[in-house]
Ligand SMILES: Nc1ncnc2c1ncn2[C@@H]1O[C@H](COP(=O)(O)OP(=O)(O)OP(=O)(O)O)[C@@H](O)[C@H]1O
Ligand SMILES: [Mg+2]
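In this note's numbering, the protein residues as written are 395 to 762.
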């Protein structure tokens, strides 16, 4: 068996978990590289916690295997897996001080001289001066860091984090995201972080896996999957996107020409999962430019364009978010940086345009 603390890949192979005739985790196969910060992102009920519980050994898979390095740990007892978990409710021992909370795992293993490693862990999470306080005397974010220290002191090969920041307010949550990322970089342990917050997943992780109904829809570096989503679910769950359904009518160079309500659009063939037939075009709100319909002559010829009417303008400081009702009756979102103070108003007739290379093409989801 591998030594504790060694960095190894975690592999899930055809992992299935059924509860009666409901399949919560559906044939999951993925490799989480050793030492990476991996985020499992998906909506409530998609199977994230169930996946983590199987990795931790708290739930037996219906079928499939879990491997850490070359060791099959599918049937290994939880405490023998070199896997530790931090849950959303990070239940610290209220009667023990912070030092003893962190020392707990070492004492349980019969280790006598705990002060070196415990102080090292407290320094890592920047709580050295609070060692003698009780958990109730710490803020939520501080308690959360104690929970991380308490898990990391066991030198797990993999640390599982199930919505660990869920109980924190937004500002503290953002701070802790940066803090957790720093801790992970410093210790080099594989972190598997479960969240349904897409911004959190993108901020923290090297690799994000987007999960839907027990399956991974897409996996990759945050910038890559944001730039080029492969399914309509990913396009909408990871950030926002605008879309219109159409039909491929031909090609022009490296672009597909797509006929859709509102006109004809160019999509790079390499950015489309479909090369013919029905297709869903997508583009992110910040890639769009918006101008009054009267200035449409100034739109570059090569740009894709659509026309519509502003239905809402919300000024957020750095940008303005416009909702535009297109001529074919879909509501599109446009994020426009505030470089001028001349905002468009609800009721204004506008042209929306964008460079074709920002467009992506997807299979039309069944039901549309
Ligand atoms: N012990 C169980 N018995 C029956 N169904 C279960 C059991 N545990 C989980 N489920 C179901 O499996 C599905 C996945 O649950 P899971 O807890 O993995 O979701 P999740 O992705 O973690 O969601 P959330 O973001 O809300 O925590 C859900 O539909 C849930 O109701
Ligand atoms: Mg969950």
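Glycine included, C-beta positions come from ideal geometry on N, C-alpha and C. For clarity, every value in this text was computed on a predicted model and none was experimentally measured.
Query, Result
"Beta-carbon proximity check, residue 519 vs residue 486, cutoff 8 Å", "no"
"Boundaries (first-last residue) of the alpha helix (DSSP H) holding residue 442", "442–450"
"Same chain only: Cβ atoms within 6 Å of residue 497, ignoring 5 sequence neighbours per side", "508, 512"
"C-beta atoms of residue 710 and residue 744 nearer than 8 Å", "no"
"Ligand 1 heavy atom lying under 7 Å from the CB of residue 444", "yes"
"Pairwise C-alpha distance: residue 668 and residue 704", "31 Å"
"Buried versus exposed call for residue 579 [16 or more other C-beta atoms within 10 Å across all chains shown]", "exposed"
"Cut-off 6 Å between Cβ atoms - residues of its own chain near residue 478, not counting five sequence neighbours on either side", "545, 548, 550, 553"
"Neighbourhood of residue 760 by C-beta, 6 Å cutoff - its chain only, sequence neighbours within 5 removed", "none"
"Nearest residue (CA-CA) to residue 634, options 572, 728, 522", "728"
"Own chain partners of residue 612 with C-beta closer than 7 Å, once the 5 adjacent residues on each side are dropped", "604, 619, 623, 624, 625, 628"
"Near ligand 2: residue 594 beta-carbon under 7 Å from a heavy atom", "no"
"Own chain partners of residue 410 with C-beta closer than 8 Å, once the 5 adjacent residues on each side are dropped", "417, 419, 420, 421, 422, 455, 456, 457, 458"
"C-alpha distance - residue 430 paired with residue 601, whole-angstrom precision", "8 Å"
"Where residue 753 falls, given that 16 or more other Cβ within 10 Å makes a residue buried", "buried"
"Minimum C-alpha distance to residue 657 - residue among 683, 621, 697, 671", "697"
"Local conformation of residue 507 per DSSP, three classes", "coil"
"Length of the line joining the Cα atoms of residue 405 and residue 525", "37 Å"
"Near ligand 1: residue 690 beta-carbon under 7 Å from a heavy atom", "no"
"CB of residue 424 within 8 Å of CB of residue 610, strictly", "yes"
"Under the three-state DSSP convention, the category residue 711 falls into", "coil"
"Residue closest to residue 640, alpha-carbon to alpha-carbon, out of 492, 462, 758, 591", "758"
"Secondary structure of residue 688, DSSP reduced to three states", "helix"
"Simplified DSSP assignment, three categories, for residue 534", "helix"
"Contact set for residue 595: own chain, Cβ-Cβ below 6 Å, skip 5 residues either direction", "433, 435, 589, 602"
"Which listed residue (665, 671, 636) has its alpha carbon closest to that of residue 649", "665"
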